[in-house]
Every structure is written in structure tokens, then in C-alpha cells.
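Visitor:
6 protein chains.
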Amino acid sequence: MNKIEELCKFSSATIHEAMGRNGNLPSGIKPIHSKMKVYGRAYTVMTMPRDNVLLHRAYAYAKPGDVIVASCCGFYEAGYWGDLMSLGAKTKGIAGLVIDGCVRDADDIEAMGFPVFSRGLCIRGTSNHGDGTLNEPIIIGDCMIHPGDIIIGDRDGVVVVPQDRMDEAIEKSRAREEKEEKVRKQLREGKTSIQIYGWDKKFGY
Amino acid sequence: MNKIEELCKFSSATIHEAMGRNGNLPSGIKPIHSKMKVYGRAYTVMTMPRDNVLLHRAYAYAKPGDVIVASCCGFYEAGYWGDLMSLGAKTKGIAGLVIDGCVRDADDIEAMGFPVFSRGLCIRGTSNHGDGTLNEPIIIGDCMIHPGDIIIGDRDGVVVVPQDRMDEAIEKSRAREEKEEKVRKQLREGKTSIQIYGWDKKFGY
Amino acid sequence: MNKIEELCKFSSATIHEAMGRNGNLPSGIKPIHSKMKVYGRAYTVMTMPRDNVLLHRAYAYAKPGDVIVASCCGFYEAGYWGDLMSLGAKTKGIAGLVIDGCVRDADDIEAMGFPVFSRGLCIRGTSNHGDGTLNEPIIIGDCMIHPGDIIIGDRDGVVVVPQDRMDEAIEKSRAREEKEEKVRKQLREGKTSIQIYGWDKKFGY
Amino acid sequence: MNKIEELCKFSSATIHEAMGRNGNLPSGIKPIHSKMKVYGRAYTVMTMPRDNVLLHRAYAYAKPGDVIVASCCGFYEAGYWGDLMSLGAKTKGIAGLVIDGCVRDADDIEAMGFPVFSRGLCIRGTSNHGDGTLNEPIIIGDCMIHPGDIIIGDRDGVVVVPQDRMDEAIEKSRAREEKEEKVRKQLREGKTSIQIYGWDKKFGY
Amino acid sequence: MNKIEELCKFSSATIHEAMGRNGNLPSGIKPIHSKMKVYGRAYTVMTMPRDNVLLHRAYAYAKPGDVIVASCCGFYEAGYWGDLMSLGAKTKGIAGLVIDGCVRDADDIEAMGFPVFSRGLCIRGTSNHGDGTLNEPIIIGDCMIHPGDIIIGDRDGVVVVPQDRMDEAIEKSRAREEKEEKVRKQLREGKTSIQIYGWDKKFGY
Amino acid sequence: MNKIEELCKFSSATIHEAMGRNGNLPSGIKPIHSKMKVYGRAYTVMTMPRDNVLLHRAYAYAKPGDVIVASCCGFYEAGYWGDLMSLGAKTKGIAGLVIDGCVRDADDIEAMGFPVFSRGLCIRGTSNHGDGTLNEPIIIGDCMIHPGDIIIGDRDGVVVVPQDRMDEAIEKSRAREEKEEKVRKQLREGKTSIQIYGWDKKFGY
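Residue numbers (numbering that gives the first Met the number 0), protein chains in the order written: chain A, 0 to 204; chain B, 0 to 204; chain C, 0 to 204; chain D, 0 to 204; chain E, 0 to 204; chain F, 0 to 204.
(1) Using the Cα positions of E:I144 and D:K181, report the straight-line distance between them to the nearest angstrom.
(2) Could you tell me whether the Cβ atoms of B:R175 and B:T13 are closer together than 8 Å?
(3) In whole angstroms, what separates the C-alpha of A:G140 from that of A:N21?
(4) Can you grab the Cα-Cα spacing for the pair C:M2 / D:L54, in whole Å?
(5) Could you tell me the distance, in whole angstroms, from the CA atom of F:I28 to the CA atom of F:F9?
(6) Just verifying my parser: in three-state terms, what is the DSSP assignment at E:M47?
(7) Can you tell me which residues form a DSSP beta bridge with D:K29?
(8) Name, going along the chain, the residues of the segment 42–75 of chain C whose beta-carbon falls closer than 9 Å to a beta-carbon of chain B.
(9) Could you confirm whether any beta carbon from chain F is found closer than 8 Å to the beta carbon of E:F9?
(10) Any C-beta of chain D within less than 7 Å: which residues of the segment 127–144 of chain C qualify?
(11) Name the chain A residues whose beta carbon is nearer than 7 Å to that of B:L83?
(12) Considering D:I137, what are the terminal residues of the beta strand (DSSP E) in which it resides?
(13) What residues from chain C crowd round B:R164, counting only those whose CB sits closer than 7 Å?
(14) Taking 8 Å as the threshold, find out whether the segment 70–78 of chain C comes into contact with the segment 29–41 of chain C through three or more Cβ pairs.
(15) Should B:G78 go down as buried or exposed, given a rule of 16 or more other Cβ atoms within 10 Å for buried?
(16) So for A:S192, helix, strand or coil by DSSP?
(17) How many Å lie between A:C121 and C:I149 at the Cα?
(18) Taking Cβ positions only, does C:D104 come closer than 8 Å to chain B?
(19) What does DSSP give as the partner residues of E:D99 in its beta bridges?
(20) If you draw a straight line from the C-alpha of F:K36 to the C-alpha of F:R154, how long is it?
(21) What do you get for A:R178, buried or exposed, if any count of 16 or more other CB atoms within 10 angstroms of its CB means buried?
(22) Use the C-beta contact count for E:A69: other C-beta atoms within 10 angstroms, 16 or more gives buried, fewer gives exposed.
(23) Using the Cα positions of B:P161 and D:G203, report the straight-line distance between them to the nearest angstrom.
(24) Can you give me the C-alpha to C-alpha distance between B:R183 and C:L86, rounded to a whole angstrom?
(25) Quickly, what does DSSP pair A:M143 with across the bridge? List them, please.
(26) Do B:C142 and B:L6 count as a contact pair if the criterion is CB distance below 8 Å?
(27) So, does the CB of C:K91 fall closer than 8 Å to a CB anywhere in chain B?
(28) Considering only the alpha carbon of each residue, which of A:I151, A:N127, A:S172 lies closest to C:W198?
(29) Near B:N134, what residues of its chain come up, given a Cβ to Cβ distance below 7 Å and the 5 sequence neighbours on each side ignored?
(30) Please confirm if D:R175 has its CB atom under 8 Å from at least one CB of chain F.
(31) Going by DSSP, what residue range makes up the alpha helix (DSSP H) through D:D107?
(32) Is C:R103 near the ligand ATP, with its Cβ less than 7 Å from a heavy atom?
(33) So, with DSSP's three-state summary, where would you put D:S11?
(34) How long is the line joining the alpha carbons of D:A105 and B:D50, rounded to whole angstroms?
(35) Within 10 Å of its beta-carbon, does B:M84 have 16 or more other beta-carbons around it, so buried, or fewer, so exposed?
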């Protein structure tokens, strides 16, 4: 099991907390089906609004296991990605798509088991001008994503871990999980979190 | 069967109509799974944006059967509540959460069958300052909620019934249901609602 | 099989593309269940915000197979349509509802298999003043819909085809499908779309 | 002095209150200069988003003294009106423009003293397709405006008075003004409004 | 010169920075005229949406020199305050109004020189139910305001200083001003801020 | 008179139209005073949300006559620029700032006559991390701006002209102006635009 697989056993929320509450993408970016999960290294795209040439190019150039991560410059109302691109990307071994914009052909994408996280579904077509950037740093929400950063997405949302901090992320997520498991045990015994954390004394009633 | 159980047999929409079209929370507040329902007396919380100490305190102080109802002062983009808090609250017998903000750990919360109604799912963590109010009147949307008010939530939305009007709500909801059942019968026979209500004459064509 | 049935075998996205990227309604209008589909001729409604008399009248006047298509003048936060109206409309043979506003009684509507596409679910009741227009051209998003236009809706969204261009829509959708099937074959063989479209040369790397 | 001139001596807020808190257009519609005022009978326009043919036609067909009142179907980000149209309209004796969208050439319009109330200023050009309606009822915000209704606009906003209620509007506005003048006198003497209205007793402290 | 007068010589931005980048109200709250300034101790109000009884009561109970600071629970589209209330408040010596909602009668308010900071101008009238709170802590944006806190508002925005930190605010603002004056001198001599702050070395080119 | 000075005699709206309705920045970006105008070559900046190091660096590196054009990645609620930076930039001969975010110290900036176009005024301070890009292509709204492109801004808005199309822009703007002057003459004589453009025949009545 490689390190990304180790990391992806933790939820996006756990990793986000473990990394000091960093790396969260906007909550509007969600899987098109609640059971979809995605993980891998980011191949980054910034595309002009309403254009998707760079997304076609991205999955052609990315390596197997990569996740395409795309900014559409704040314009969501277009179907930047569909079933054909999903088929092409899946065939190439691409791990999934995280896009700050909409997609279409949700049924087909879901049927082929290709993970897509987006702002929603939109049928509106795109142009073919091809402006933007490929595999350079991009910004989504208040998070900068560098090519090669680790992406973990689940129903709750998407988190980005800087590639040189993966060991730290695994270790801290595991520590957090262990700590939470102890809290869970106490909660099941009827203690409340304010007792467990000592907040009953700190905040009183 | 107590009165809240009697009331909760009616849908949120029916109760809202029966009470003179009052008590509806904003439609953006929805169950994290469409089959979730919630009912009980409100234990109210107003928390500062991005802080969740008061939610920890709320479920510790609330009575079994209470629903935690929380305003986050208009800031939705945070995961104010998660699986640990759900476990703690469920263990204490809390009936559910209605929050004008986001939550996280949706899969775990759903698995334990704890009803959560929220603005959506967000992994972004919260702080621990503890400002706000507990069990005092709060305002969500254009609805004031007093501690002890009755909360009924289903897939369509959430309605609030003032605690001293529960009998009225049950009675009027039942009357409305009976009236609607008669309309249903006529509709099945092929009459249209404008015929049943006499609107064909009132509005003509 | 009539022509609308022929057309509705294509997805909303395919038809939108085939018709030159036209006819797409705003992506916020979605089926209340992801498996719902709708198709038929538009019976158009423009209702004043928060009023639903015209929707009652619409399903009474529309012909079997028609789809009620309604603008609520930009005000979404009301439950303009519910289970009784769905029952009445379904009994009359109405094919479904597409509304630029919210609805309620989602469980009942879903159970009776009446397709409803809306901005979401909202319990807030409506008034009975009756202002607006019936079966006249309406505008939703940047799309004008004339009475009798063809409506096709699925999980991805809703597309409108001018009634006098149905043959063209069928033919062009079929042509697009055939072209896409060829692309699919090449994608499965490992080619990427930039190779298939010749974009690898046009845009280089 | 005709009746509209009599009515326009009252502020938009006074008329809105006098008419039972009705007829207010959305507060986002404001004069392009805070000292501009507009009054006259509505010549109504509904134009497709991003198109302005109907506005050209509107001022050509409207009568001197009319105010062009236009809905742009919720799409504001275009310059639907500019200096040439203002010159043409002013030359024809049109009293002004109230538009639920943006305009451009603000300096020139201001210099020629033609009153324009809009959502803001935007340079983005429009198309020339010509779809929409002329001099039929339109809806802006939650207000229906019929051709011939009275429009009064000032810095605070815009109010619409049904044409058959102008006498009532004048009378009630005058009555309200007189009542307010008495309140003003008491306020200047140091009484507070809760004393004047008896709210000190009703609401206590 | 008392301490508030000492503090109000600094701009809202300077005080905000000096206090560690705290206390800023949302930037949407602006003076109705760009030259208006306001300062004083906060008399706090939380009113239900669309209701203004508590604002009438607020100015009656507040002390001369107080600034009424009001939350309207996120609903801006109403004219919560007007010329009569301004006259009453001014007569009582109230220093001004800061409201997270709209007001009306802007010309009259401006003419009497009563400072009003609001979300904008709106003629839509309010109800008289009287729900909410008076002179208790309120939250606007992500800022909690306690009765007696110091309010400073100018064209750039509004800042809140906790009442027990006024000395600190004066001292730190003065220090910041002095530091900025030195920077200004260097800037006038042709140095750039990256040279002055040493950022040319830190960030390179 | 150089070419930029020649071009800037035309309004932003005229240039936008002349260039085929291209190059318009979002209408929310406006001068902080309605009489401000800006023109020059773009020195482009993309800064992370809430950070302004790159803006300090930008004016230090830009050439006299350049306009700093900055994207803040969609986050407006911060005061990215103020009086010190304006002083530094003005001293260096920078022609102005166009920023898709807020600024502060509006009075001081206005007093020194440094043109600033922004989303509004906000006192909220920024951090000093320094992430982003300098003098590389950026995207604001649906417009890509390359370093060296020509920026023209006035009260109506801001337009971008590709640097290699300046001659075309001047020529086409002049042609448009001349054409409009002829229309103006006809309008003054009482013709309407539908007559002048032949739309009275095309669209009928």
C-alpha cells in the first residue's frame, strides 16, 4: 500500500483538522453521487470561463493515478466535462476530477465509476478556444493547489495536502483518529464532550 | 402517544399551512438524507460564526427528546457539527439537530440514525471561543424560535410551532388533512382543483 | 412511436449541443429525484411571486401529454406546487412540471411517479390572487419558451426545442450520437480526445 | 397642475406607505445620480436578457410624459440603454427610464438631464433580436406594473401606483404628510415616537 | 476632549489594523453620504426582519452620544429607519445609526446632518410587532458588539472597539499613524514599500 | 500625443462596442469617485485571497504609465490597497489601479488624485504571505488580460484592449463615434432610432 492509499483511509474532514484546519476546498464542490470518493496527485488546470479545451488536454497529459483539479475562474454555469471525457480519462487511468464548475452526463459518468466532484450538473455547452494554464499552481476558494499535491475527496468535501507533507498528514490523521476513538468510547459511556474536554469548567453554565 | 408524536404525523408543509402559513425555516435547511425526519422541543443556540463550543454545551444541557436548533449568524461555510457530537447527543437522547449552517461526517451521522438538518456539508473546522447564547430566543430566516417550541422537520423542510399552540396545530392539521383527503377523492374522479375550489368561475378562462 | 418519444431518447445535453448549444434552462432547475425524466409539449405559465392560482388553472386547461412550464418571476422561496396538484395533473394526463421556483410534498409526488423539476423544496405557502399569464411566451434564464415547444428534462437539466424544429433536433441528435459513438470506440482503444479531434497539433504542449 | 404633478410632490416612501405599503420596486433600482427624480405614466417593456430592440421601440411608441419601465428578465449585466437612446427619448418628451438592468453612458445621460433609474452601470453591449413584449403588464420584484400606471422615483427608490387609484394616492399621501408634520412638531419638542404612538405603554421597558 | 473624541480622529481602517485586524463590520454597511462620520458608544438592537418597533424604543432609551447599532437578522430589503426617527434621535442627542439593513428618506436625513450607516436605501415599509432585543450583545458579520462598545464609522467602513480597550486603541492607533507617517516620508522620497519593509529581499523577483 | 492617449479619448463603452463587444470587465468594478478615469498598459497581478504582498511588489516593478490590474481570486471582502500604496505608486508614476476586490482610505486616495477602480471599500486588513503571480496573464470575469494590454476605465466601467490591436481600437472607435454623431443629429431632429436603423420596418408594431 502506497502512501496516498494510506492517507485516503482518513476522511477529508479528519485530514483537514489534522493539518491544522487547512486545505479545504469550497463546500459547494461535491461528488455527483454521495458514495463517490477520490484520491490521487493533482494535475492542475485553469480554464477560461465556458471553455474546456484544457480539460481535454489535461487528462491526455496527466499520469495514471492523477486527479484532474480545475479552476474555471468563478464561472460555474457550464458543463465543462462529460461522459466522453470521463471514458477517455478512465481509460488512461486518471483517478478522477475535481472541478470548480459544473459537469454533465452524470448518469453515464456514475455508471462507469469515474469519480467527479463538481459545483453541480449543467447541460450548457462550452467553447474550444483553449486559453488558460496546465499543471501550474491554481487557486480554488482560498486554497492554492500545486501540481503534485495530494487530493482526498469524499461526501463531506475535498481536502488538499501539500505533497511534501504527506507523511505528516498520515501521522497526524492517525493520531487524531486515535484520540477521537478514545473520545467515542467515553461518549458511549455517557460522558459529554464538554466534560471530556474540560469545557464544563472553562465555560460553566 | 404524547402530543408531539401526534403532531409529527403531519408533514411540515401541512402544519405550516394549518398554522396560517407560519413557522417555516428557510428552505436551504434540509436533512442530510432525504428520508430523515426530526421532531421534538427546541433547545436553542446562537453561536458566533465559525465557533462550535455552544453546540457542545447545548447537547450536554438539553433534555432527552429535545432538538438542538442553532443559528450561526448567517455564516454557513463551516462544519459546526460532526460524528462525535452526534454520538454524544444521541447517547443523551437528543432527538436531532436543526442548524442554519453546515455540518460534516455525514456518512457516520447517517449510519447512527441521528437526524441532522443543515445548509449542507462542509469540512472546514471551527474555533473554540464559546461566544453566543444558550436556550434564549433566536431568529432563523424570519422566524423567531423560543426554547421549548415544537420543531417538525422532514424532506420538504422544517416548521416551528409555538409551544402553547400545539393543540391548535394538531387540530388544524387534522382538519386540513381531512379536507385534503376529500379533495384527493375528487381529483381521482377527474375533477380539477379549480372546479373543486370554484376558481373556474372566479377566474374564468 | 411519435416524434417527441423519438426525441426524448436523447439526453438533454445531447439535444442542447445538437441544436447549436441552445435551449438550456438554468442548471438550478433539477428533478426532485435524480431518476426522474420529463418530456412533452410546453403549456406555459407566468405567475406572480408567491401565488399559485395560475398553476391550478394550467393543469386544468393543458392537454394530456403537456408539460407545465412555469416562471415565478425570480422568486423561488415558496412551495408553488404539491401533492394535490400533482394528483390532479397526473389524473388529467399531464406529463410533468418544470418550474423556476420551489415545490413541496416531494415524497408523495415521487411516490405517484409524477415528474417535477424545480429549484428545490420549500414548505412556504402561496397566495390565491391569480395574476400572471397562461399559455403565452415566457422567459426562464435566457431562454424564451413558446406554448407547444418541446421540453426534455433529465438529471442533467432541461432543454427546450422550438416546436417547428423537432425533426431537425431528432436528426442532429442522432448524428451527434453516432459521431460520439465513434469517438467512444476510439477512446476505449486508448486514444485521447485531443488526438481524435486533432487538438494535439492545434494546441501543442 | 395635473394630478401626476400633484402626486409627485410626495416622496416614493410616503406614497408607498400611504397606499398600504404597496408598489415598491426592488431597492437595487436607483437613480444614476442621487438628485434625479422621475414621474409619469408607465410604458412597459419586457425584453429578453441582453437585447435592447424593444427599448428602442418603446420610446418611439410611448407618449410624451411617459416613463419607460423595463424588465430584463433578471439579467442585469448589460448596458441596455445609453446616451443616444436618452437623447432620442428626451427629444420625444419621454419623462425617464426605470429599468431592472444596467445602463451606460452615465455622464452624458446625466448631462442632458434625462432621469434614469437602473441596477447600475455596465458597458457590456446588447444584441438586436427584438424578443419580448411592449406595453403589456410586466412584473418587477413582486410588483405587477400595467401600462399607464403611475411611476414615482426618487433617491430612496421607485413606487408604482395603479392608474385608477391616483386620487386615493394623493389624498392618502397628503393625510400621511399632515400626520407626520404633527409628529415632527412633537419630536422637535423632545417627545419620542414611542410616547407619541403610545408604544411606551404597549411595549414597556 | 474625551477619549472617544480622541479615538475618532483616527480612521476606521487605522483603528481596525491597530487593534490586530479586529472589529470590522461588513463592508456593505456604508454611510448614506460619503462625507458622513459617526462615533460614540453602542446602544445595541436586534430586531426581527421587517419590524422597527425596537429602533423607535432604542433611541428613546439610549443616552446622548450613543450610536444605535442594529442587526436586522440578515434581512436588508426594508426601510427600517427614516426622517422622523432621525429627527427624534437627533433631538435626543443620539450620535447616529449603524444598521445592517436599509433605511429611507435619505435626503431629509442628510439635510439634518444625522449620520446613518446602512446597507442602502429602501422604501419598503416595516411592521410594528416589536420582537427582538434591546441593549444586549448582538452579532453583525463576524463581530460581536456589546452595549457600550465604541463605534467609529467613516466612508471606508465601521469598526467596533471593546469599551475596556479604548486606551489601547488610542495608543496603538497613534503608534500606527506615526509609523505610517515615516513610511509616507520615505515613499515621497521615491522608496517603495517593499524596500521600506525589506520585502524586496524576502520575496526577491 | 501617444496612441494610448488617443484611445483614451473614447469612452470604455465605445471602445467595447468598437472592438466587437469584447474586453469588458465585470460591472461591479467601478471608480471610487465617479469622475475618476484611468488609462495605461496593464501590469497584471493575481493575489491569493486576503493577501497584498504582490500588490506592493507590483507597483515597485511596474513602469511609469502602467495600470496595476489585479485579480484577488474572487474574494472581495478585504482592503487590498490603501493610501500608502497609492502614494508609493503615484510617486513612481503608476497610472492607477484596477482591482477585482476592495480597497480602503478612499478619501486620501481621492485627495491625491490616484485613480482606483475596485469592487468597493472595505477596511478589513490583509496578510503578508506573498503567494500569486506577477505580470502573467490573469482572468477577471470572462476576460483574459495579458501584461501590456491597454486598460481604459471611466465611470461606466473598464475595458481591456489587446496591445496588438490598439490601432484597430482607435480607428474603429473613431468610426463608431462619427456614426453616432450622425445618429445624434437625426435624433435631435426628432427621428427615432428605429427609424434611423430601419427597425420600424423590420419589427413593425
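Every residue, glycine too, gets a C-beta built ideally from N, C-alpha and C. Model, not experiment: these values are computed from the prediction.
Guide: Straight from the coordinates:
(1) As a position in the fifth sequence, residue 144 of chain E is number 145, starting the count at 1. As a position in the fourth sequence, residue 181 of chain D is number 182, starting the count at 1. Answer to the nearest angstrom: the Cα atoms are 36 Å apart.
(2) Here residue 175 of chain B corresponds to residue number 176 of the second sequence, with the count starting at 1. Here residue 13 of chain B corresponds to residue number 14 of the second sequence, with the count starting at 1. Going by C-beta atoms, B:R175 is nearer than 8 Å to B:T13.
(3) On the first sequence, residue 140 of chain A is found 141 positions in, with the first residue counted as 1. On the first sequence, residue 21 of chain A is found 22 positions in, with the first residue counted as 1. The alpha-carbon atoms of A:G140 and A:N21 are separated by roughly 12 Å.
(4) To locate residue 2 of chain C, count along the third sequence from 1; it is residue 3. To locate residue 54 of chain D, count along the fourth sequence from 1; it is residue 55. The residue asked about is misnamed: residue 2 of chain C is Lys in this sequence, not Met. Computed Cα separation, rounded: 38 Å.
(5) The sequence position of residue 28 of chain F within the sixth sequence is 29, counting from 1. The sequence position of residue 9 of chain F within the sixth sequence is 10, counting from 1. Approximately 19 Å between the Cα atoms of the pair.
(6) What you label residue 47 of chain E is simply residue 48 of the fifth sequence in a count that begins at 1. Coil at E:M47, not helix or strand.
(7) Position 30 of the fourth sequence holds residue 29 of chain D. In DSSP, D:K29 forms a bridge with D:S117.
(8) V52, L53, H55, R56, Y58, A59, Y60, Y75
(9) As a first step, residue 9 of chain E is located in the fifth sequence; it is residue number 10 there, counting from the start. Cβ-Cβ to chain F under 8 Å: no for E:F9.
(10) D130, I138, D141, M143
(11) Position 84 of the second sequence holds residue 83 of chain B. In chain order: E179, V182, R183, L186, S192.
(12) The sequence position of residue 137 of chain D within the fourth sequence is 138, counting from 1. Segment 137–139, the beta strand (DSSP E) holding D:I137.
(13) As a working note, residue 164 of chain B is residue 165 in the second sequence. Correct list: empty, because the minimum Cβ distance to chain C is about 17 Å.
(14) no
(15) Locating residue 78 of chain B in the second sequence gives position 79, where the first residue counts as 1. So B:G78 counts as buried.
(16) As a working note, residue 192 of chain A is residue 193 in the first sequence. In this structure, A:S192 counts as helix in the three-state DSSP scheme.
(17) What you label residue 121 of chain A is simply residue 122 of the first sequence in a count that begins at 1. What you label residue 149 of chain C is simply residue 150 of the third sequence in a count that begins at 1. A:C121 and C:I149: Cα-Cα distance of roughly 19 Å.
(18) The residue labelled residue 104 of chain C in the question sits at position 105 within the third sequence. C:D104 counts as touching chain B.
(19) Start at 1 with the first residue of the fifth sequence, and residue 99 of chain E comes out as number 100. For E:D99, which the question treats as bridged, DSSP gives the partners E:S70.
(20) The residue labelled residue 36 of chain F in the question sits at position 37 within the sixth sequence. The residue labelled residue 154 of chain F in the question sits at position 155 within the sixth sequence. One C-alpha to the other measures close to 7 Å.
(21) For the purposes of this step, residue 178 of chain A is taken as residue 179 along the first sequence, with counting starting at 1. Looking at the sequence itself, residue 178 of chain A is Lys, so the reference to Arg does not match. So A:K178 ends up on the exposed side.
(22) The count along the fifth sequence starts at 1 and reaches residue 69 of chain E at position 70. Label assigned to E:A69: buried.
(23) On the second sequence, position 162 is the one that residue 161 of chain B refers to. On the fourth sequence, position 204 is the one that residue 203 of chain D refers to. Their Cα atoms are separated by approximately 23 Å.
(24) Translated into positions along the second sequence, residue 183 of chain B becomes position 184. Translated into positions along the third sequence, residue 86 of chain C becomes position 87. Going from the Cα of B:R183 to the Cα of C:L86 covers about 7 Å.
(25) Walking along the first sequence from the start, residue 143 of chain A turns up at place 144. DSSP lists A:I138 as partners of A:M143.
(26) The count along the second sequence starts at 1 and reaches residue 6 of chain B at position 7. The count along the second sequence starts at 1 and reaches residue 142 of chain B at position 143. Going by C-beta atoms, B:L6 is not nearer than 8 Å to B:C142.
(27) For the purposes of this step, residue 91 of chain C is taken as residue 92 along the third sequence, with counting starting at 1. Chain B, which has a Cβ nearer than 8 Å to the Cβ of C:K91, makes this yes.
(28) The residue you call residue 198 of chain C lines up with position 199 of the third sequence. The candidate whose alpha carbon is nearest that of C:W198 is A:N127.
(29) One-based indexing of the second sequence puts residue 134 of chain B at position 135. So the qualifying residues of the chain are Y42, T43, P146.
(30) In the fourth sequence, residue 175 of chain D corresponds to position 176, counting from 1. Not closer than 8 Å to any Cβ of chain F, the Cβ of D:R175 fails to qualify, so no.
(31) The sequence position of residue 107 of chain D within the fourth sequence is 108, counting from 1. D:D107 -> alpha helix (DSSP H) spans 105–110.
(32) Ligands displayed in this structure: none; no statement on the ligand ATP is therefore possible.
(33) On the fourth sequence, position 12 is the one that residue 11 of chain D refers to. If DSSP states are grouped into helix, strand and coil, D:S11 belongs with the helices.
(34) The count along the fourth sequence starts at 1 and reaches residue 105 of chain D at position 106. The count along the second sequence starts at 1 and reaches residue 50 of chain B at position 51. So the alpha carbons of these two residues sit roughly 45 Å apart.
(35) Position 85 of the second sequence holds residue 84 of chain B. Classification of B:M84: buried, given that the 10 Å Cβ count is 16 or more.
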